[in-house]
Amino acid sequence: MNTLTDRRAVARPRTPLNRSQIAGFWGAWAGWTLDGMDSFIYALVLTPALTELLPRSGFAATPSNVGLAGSILFALFLVGWGLSFIWGPLADRFGRTKVLAATIFTFAIFTGLAATSTNVWQLGVYRFIAGVGIGGEWALAGTYVAEAWPEDRRKMGAGYLQTGYYAGFFLAAALNYTIGVHFGWRAMFLTGAVPVVVAILILLRVKEPEKWQKADAKTVRVKPLREIMGPAYRRRTWVACILLTIAIIGLWAGAVYEPSAVIQLATRAGMSKGDSMRMASLATGLLSIGTILGCLALPPMAERIGRKMTLAVYFAGMAVAIAASFGWAFYLPNGLAPFIAWLFVLGFFGGNFALFSLWLPEQFETRVRATAFAFCTSFGRFVGAGVNFLLGAAVLHMQTLGVPVALTALAFVLGLFVIPFAPETKGETLPQ
Numbered sequence: 000m001n002t003l004t005d006r007r008a009v010a011r012p013r014t015p016l017n018r019s020q021i022a023g024f025w026g027a028w029a030g031w032t033l034d035g036m037d038s039f040i041y042a043l044v045l046t047p048a049l050t051e052l053l054p055r056s057g058f059a060a061t062p063s064n065v066g067l068a069g070s071i072l073f074a075l076f077l078v079g080w081g082l083s084f085i086w087g088p089l090a091d092r093f094g095r096t097k098v099l100a101a102t103i104f105t106f107a108i109f110t111g112l113a114a115t116s117t118n119v120w121q122l123g124v125y126r127f128i129a130g131v132g133i134g135g136e137w138a139l140a141g142t143y144v145a146e147a148w149p150e151d152r153r154k155m156g157a158g159y160l161q162t163g164y165y166a167g168f169f170l171a172a173a174l175n176y177t178i179g180v181h182f183g184w185r186a187m188f189l190t191g192a193v194p195v196v197v198a199i200l201i202l203l204r205v206k207e208p209e210k211w212q213k214a215d216a217k218t219v220r221v222k223p224l225r226e227i228m229g230p231a232y233r234r235r236t237w238v239a240c241i242l243l244t245i246a247i248i249g250l251w252a253g254a255v256y257e258p259s260a261v262i263q264l265a266t267r268a269g270m271s272k273g274d275s276m277r278m279a280s281l282a283t284g285l286l287s288i289g290t291i292l293g294c295l296a297l298p299p300m301a302e303r304i305g306r307k308m309t310l311a312v313y314f315a316g317m318a319v320a321i322a323a324s325f326g327w328a329f330y331l332p333n334g335l336a337p338f339i340a341w342l343f344v345l346g347f348f349g350g351n352f353a354l355f356s357l358w359l360p361e362q363f364e365t366r367v368r369a370t371a372f373a374f375c376t377s378f379g380r381f382v383g384a385g386v387n388f389l390l391g392a393a394v395l396h397m398q399t400l401g402v403p404v405a406l407t408a409l410a411f412v413l414g415l416f417v418i419p420f421a422p423e424t425k426g427e428t429l430p431q
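Written out as structure tokens, the structure is:
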């Protein structure tokens with residue numbers, strides 16, 4: 000293509016979105032936002048909830064027990080996330096919007112039920128089932144936007160979609176700052192039932208993507224899990240699994256332990272319990288703003304320098320930010336301000352998840368796309384659950400939060416050596 004043709008291609012107006020595509024995006028975005036809110040509510044209310052429930056379960060509410068129980072519950076939540084691969088084949092068989100609504104119903108109802116917990120066992124069960132629902136939302140929302148939006152818009156659509164999860168972090172922080180501080184952890188979990196309304200609206204207002212309808216009409220039924228493990232897809236499936244595992248380790252190491260780290264630093268600085276919780280909420284808001292900006296900056300970068308190079312830049316940034324925040328700033332005598340400053344950088348490069356919303360759908364055909372997306376994310380969550388459990392044990396053994404979390408930066412260094420084995424899809428259209 001010559002330069003004049005290139006300019007005309009750039010100048011060509013973008014394909015307008017119809018009402019169903021707009022409604023579908025906002026439904027998926029709202030679901031993903033409330034998904035992020037529900038996920039992060041637990042991180043914010045971890046200490047007060049376990050301080051109340053551990054004695055009722057026969058355990059002393061010591062800092063070590065709270066840390067260990069919190070890690071076990073995080074691991075249960077991630078195992079639930081991992082089991083969410085069940086949603087992928089269902090979506091490939093019955094449709095994106097119906098199954099998307101089902102995932103939202105699941106995580107909303109069981110997040111709300113967590114408010115009724117009378118011991119840690121009940122809380123663990125509710126968080127596990129909520130994890131199954133939350134885990135399916137990203138795969139289905141990402142698949143829906145990739146298939147429903149026009150080719151010239153879907154890349155930015157992936158970036159816009161991923162901002163929702165971190166807008167949910169911001170929303171959770173705002174709710175904790177207002178509701179949590181005054182009404183406690185049970186009220187925070189109750190707010191997690193709100194997404195039920197979004198699920199109902201998706202069922203009533205959003206149509207199935209045309210790509211899925213066409214593929215469903217002409218496809219002979221296959222076993223999608225078997226197909227993504229076949230010769231055509233095996234390598235890209237496992238490479239995507241490894242890269243997503245690394246990204247998830249970073250999310251749960253950095254973002255989830257951030258409120259606890261800020262509370263510790265604020266307490267060390269002489270702040271009261273209430274002020275420490277408010278500072279954790281403000282820090283979470285800053286982290287979320289950084290991640291939203293990272294999500295928006297990623298699609299143009301991926302179009303310019305390619306998917307693989309973009310992920311390498313974001314992984315390198317994550318390695319530096321995690322090491323600097325938890326390995327350096329956390330141990331400074333007056334470390335609160337520099338730690339929070341590094342959180343913004345950590346948040347920006349945490350936007351690497353937006354690449355998977357863009358990149359994974361490009362690697363698989365429509366008939367197996369949701370299954371592949373769900374399987375790869377589920378694999379990462381299973382491994383992430385194990386790492387999270389080991390991380391909790393390391394915190395308990397070392398009696399410090401900073402070093403164990405800082406060591407997770409090594410996962411992103413490893414990721415830099417895995418990225419070359421992934422396919423580059425820059426400039427390619429979404430496969431039918």
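Numbering-wise, numbering that gives the first Met the number 0 puts 53 at position 54 of the sequence shown, and it's gapless, one number per residue.
Quick reminder that beta carbons are idealized off the backbone N, C-alpha and C, glycines included.
None of these values were measured; they are calculated from a predicted model.
Margin query: Going by DSSP in three states, Lys206 sits in which element: helix, strand or coil?
Written below: In this structure, Lys206 counts as coil in the three-state DSSP scheme.
Next item on the list: Name the residue from Trp358, Ile291 and Gly26 whose alpha carbon lies nearest to the alpha carbon of Gln161.
Entry: With distances taken between Cα atoms, Gln161 lies closest to Ile291.
Note to self: Check this for me: beta carbons of Leu189 and Ala129, under 8 Å apart or not?
What the structure shows: No, these two residues do not count as a Cβ contact at 8 Å.
Checklist line | C-alpha gap between Val180 and Pro54, whole angstroms | finding: Taking the straight line joining both Cα atoms gives about 22 Å.
Next item on the list: Mind the definition here: the segment 130-148 touches the segment 81-96 only if three or more C-beta pairs lie below 8 Å; say whether that holds.
Entry: Counting C-beta pairs with one atom in each stretch, the segment 130-148 and the segment 81-96 have three or more that are closer than 8 Å, which means they touch.
Notebook entry, point to check: In three-state DSSP terms, what is Gln398?
Noted result: For Gln398, the secondary structure class from DSSP, reduced to helix, strand or coil, is coil.
Note to self: Considering only the alpha carbon of each residue, which of Glu361, Ser38, Leu345 and Pro332 lies closest to Arg267?
What the structure shows: It is Pro332.
Margin query: Taking 7 Å as the limit between beta carbons, can you name the residues of its chain near Glu257, skipping five residues before and five after?
Written below: Taken in chain order, the residues that qualify are Ala282, Thr283, Leu286 and Leu342.
Check: For Ala10, which three-state DSSP category applies?
Finding: Confidence at Ala10 is low in this model, with a pLDDT of 46, below 50, so its placement is unreliable and the value that follows should be read with caution. DSSP places Ala10 in helix when its eight states are reduced to three.
Notebook entry, point to check: With burial defined as no fewer than 16 other Cβ atoms inside 10 Å of the residue's Cβ, what is the status of Met397: buried or exposed?
Noted result: Exposed, because fewer than 16 other Cβ atoms sit within 10 Å of the Cβ of Met397.
Next item on the list: Kindly confirm or deny that the segment 157-177 and the segment 397-417 touch, where touching means at least three C-beta pairs closer than 8 Å.
Entry: By the criterion of at least three beta-carbon pairs nearer than 8 Å, the segment 157-177 is not in contact with the segment 397-417.
Item checked: Arg368 burial status per 10 Å Cβ neighbour count (16 or more: buried) -> Buried, by the Cβ-count rule.
Next item on the list: Have a look at Met0 and Gly229 and give me their C-alpha separation to the nearest angstrom.
Entry: Bear in mind that a pLDDT of 46 at Met0, under 50, signals an unreliable position, so the model cannot answer this.
Item checked: Contact set for Leu16: own chain, Cβ-Cβ below 8 Å, skip 5 residues either direction -> Excluding sequence positions up to five before and after Leu16, its CB lies within less than 8 Å of the CB of Phe24, Trp148, Pro149 and Arg152, all in the same chain and listed in chain order.
Notebook entry, point to check: In chain order, which continuous runs of the alpha helix (DSSP H) of length 4 or greater are located wholly inside the segment 134-200?
Noted result: Entirely contained in the segment 134-200, the alpha helix (DSSP H) runs reaching 4 residues are, in chain order, 153-174 and 184-190.
Margin query: Tell me the DSSP secondary structure of Leu82 in three-state form.
Written below: Of the three classes helix, strand and coil, the one that applies to Leu82 here is helix, per DSSP.
Checklist line | Straight-line Cα distance separating Val404 from Ala392 | finding: Their Cα atoms are separated by approximately 12 Å.
Next item on the list: Could you have a look at Pro54 and say whether DSSP puts it in helix, strand or coil?
Entry: It is helical.
Notebook entry, point to check: Are at least three pairs of beta-carbons, each pair with one atom in the segment 306-317 and one in the segment 351-371, less than 8 Å apart?
Noted result: Three or more pairs of CB atoms, one per stretch, sit closer than 8 Å, so the segment 306-317 contacts the segment 351-371.
Next item on the list: Compare the C-alpha of Glu427 against each of Ala198, Phe363, Ile418 and Val417 and name the closest.
Entry: Answer by Cα proximity: Phe363.
Check: Would you report the Cα separation of Thr452 and Arg225, rounded to the nearest angstrom?
Finding: This structure gives no information on residue 452, because the portion of the chain shown stretches from 0 to 431.
Item checked: Whole runs of the alpha helix (DSSP H) within the segment 327-401, excluding any shorter than 4 residues -> Within the segment 327-401, the complete alpha helix (DSSP H) runs of at least 4 residues are 335-348, 352-361 and 365-397.
Check: Near Gly66, which residues of its chain fall below 7 Å by C-beta distance, leaving aside the five closest residues on each side in sequence?
Finding: For Gly66, same chain residues with a beta-carbon under 7 Å away, outside a window of 5 residues either side, are Gly391, Val394 and Leu395 in chain order.
Notebook entry, point to check: Can you list, in chain order, the residues of its chain whose CB lies under 7 Å from that of Gly334, leaving out five sequence neighbours each side?
Noted result: Setting aside the 5 residues that flank it on each side, Gly334 is surrounded in the same chain by Leu264 and Ala328, each with a C-beta closer than 7 Å to its C-beta; the list follows chain order.
Check: Where does the unbroken alpha helix (DSSP H) through Gly426 begin, and where does it stop?
Finding: In this chain, Gly426 is not harboured by any alpha helix (DSSP H), its DSSP state being neither H nor E.
Notebook entry, point to check: Taking the C-alpha atoms as reference points, what is the distance between Gly293 and Met300?
Noted result: Computed Cα separation, rounded: 10 Å.
Checklist line | Sufficient close CB pairs (3 or more, under 8 Å) joining the segment 62-80 to the segment 381-391 | finding: Three or more Cβ pairs drawn from the segment 62-80 and the segment 381-391 lie within less than 8 Å of each other, which places the two stretches in contact.
Check: CA-CA distance, Arg366 and Ser19?
Finding: If you draw a straight line from the Cα of Arg366 to the Cα of Ser19, it comes to about 22 Å.
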